[in-house]
Amino acid sequence: MISEEQVDFVSRQIKESGITSQALQDDLIDHFCCLIEIDMQKGISFEKAYQKAFQQTTPNGFTEIQHETLFLINHKTIIIMKQFTYISGYIFALSTTVGAFFKIMHLPGASVLMFSGLLGISFIFLPMLLINKFKNKVFSLLSEKLKWILGTASLMIIITASIFKMLHLQGAGILLGIGFLVFGLGFLPFLFFRMYQSGETEISN
Numbered sequence: 004m005i006s007e008e009q010v011d012f013v014s015r016q017i018k019e020s021g022i023t024s025q026a027l028q029d030d031l032i033d034h035f036c037c038l039i040e041i042d043m044q045k046g047i048s049f050e051k052a053y054q055k056a057f058q059q060t061t062p063n064g065f066t067e068i069q070h071e072t073l074f075l076i077n078h079k080t081i082i083i084m085k086q087f088t089y090i091s092g093y094i095f096a097l098s099t100t101v102g103a104f105f106k107i108m109h110l111p112g113a114s115v116l117m118f119s120g121l122l123g124i125s126f127i128f129l130p131m132l133l134i135n136k137f138k139n140k141v142f143s144l145l146s147e148k149l150k151w152i153l154g155t156a157s158l159m160i161i162i163t164a165s166i167f168k169m170l171h172l173q174g175a176g177i178l179l180g181i182g183f184l185v186f187g188l189g190f191l192p193f194l195f196f197r198m199y200q201s202g203e204t205e206i207s208n
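What follows is the structure in structure tokens.
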């Protein structure tokens, strides 16, 4: 059986290794102690059992396993965010479509479905989509960032203006004008500039 002094040694080695996550430290201590205890029951000395556990678990050092753990956590978070974005986009688009159909057929609940769908697209789906796009390395380019920011902003303004128009609220025309202005003079120039650059690159290659 592994002694308390040996457990303290393992704990001290891991805590002084540079690993900052307390949860990861605790998991590694438990894991190391289990591996060491199994080997010690086979007659292997503590020192050799510790070295063997180190080689099996962290052959390239403790820093690598922390980086791998953080990558896996972030990767899972990114996947969950993307799933939420696309599912919410589908639900809001479906709500808008069904609401429009109900409106044409003069069925009850049309306005609620349409407004909830449009608001969801404007203030939940589009911002989430923009955040996901910015996680892509391609969007380190300023032109790509501006293109997506201006495109998203213009769509949000146009959708909001459309809701104002349907509710006969003041300022709908002004919002609509601003939305189309941002779309036409902000988003489209960046879009076609990038397309022009891509075309030149293809020709040169």
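Per this note's numbering, residue 4 is the first one in the sequence shown, and the count goes up by one each step.
A virtual CB, placed ideally from N, CA and C, is assigned to each residue, including glycine.
With contacts defined by Cβ atoms closer than 8 Å, Phe195 and Ser146 do not form a contacting pair.
Cβ-Cβ distances below 6 Å link Leu38 to Ala56 in the same chain, with the five nearest sequence neighbours on each side left out; the list follows chain order. Sixteen is the threshold: when 16 or more other Cβ atoms of the shown chains lie within 10 Å of the Cβ of Phe193, as they do, the residue is buried. With a beta-carbon spacing of about 6 Å, Gly174 and Phe167 fall inside the 8 Å limit used to define contacts. CA-to-CA, the gap between Asp30 and Ser20 works out to about 14 Å. Taking Ile177 as reference, the option from Ser157, Phe190, Leu132 with the minimal CA-CA separation is Ser157.
In the three-state reduction of the DSSP assignment, Asn135 falls in the helix class, which pools H, G and I. Boundaries of the alpha helix (DSSP H) around Glu8: 7 to 18.
Taking a 10 Å sphere around the C-beta of Asp33, we find fewer than 16 other C-beta atoms and assign the residue as exposed. One Cα belongs to Ile5, the other to Ile81, and the distance between them is close to 40 Å. For Lys55, the uninterrupted alpha helix (DSSP H) segment begins and ends at 49 to 60.
Pairing Ile162 with Ile181 gives a Cβ-Cβ distance that is not under 8 Å. Sequence-distant partners of Ile124 (beyond 5 residues in either direction) whose C-beta falls short of 6 Å from its own C-beta, in its chain, are Phe95.
Where Met108 is concerned, there is no enclosing alpha helix (DSSP H), because DSSP gives it neither an H nor an E. For Lys45, there is no enclosing alpha helix (DSSP H), as DSSP marks it with neither H nor E.
In the DSSP annotation of this structure, the continuous segment of the alpha helix (DSSP H) that includes Gly154 starts and ends at 145 to 169.
Distance between Leu132 and Lys85, taken at the CA atoms: about 8 Å.
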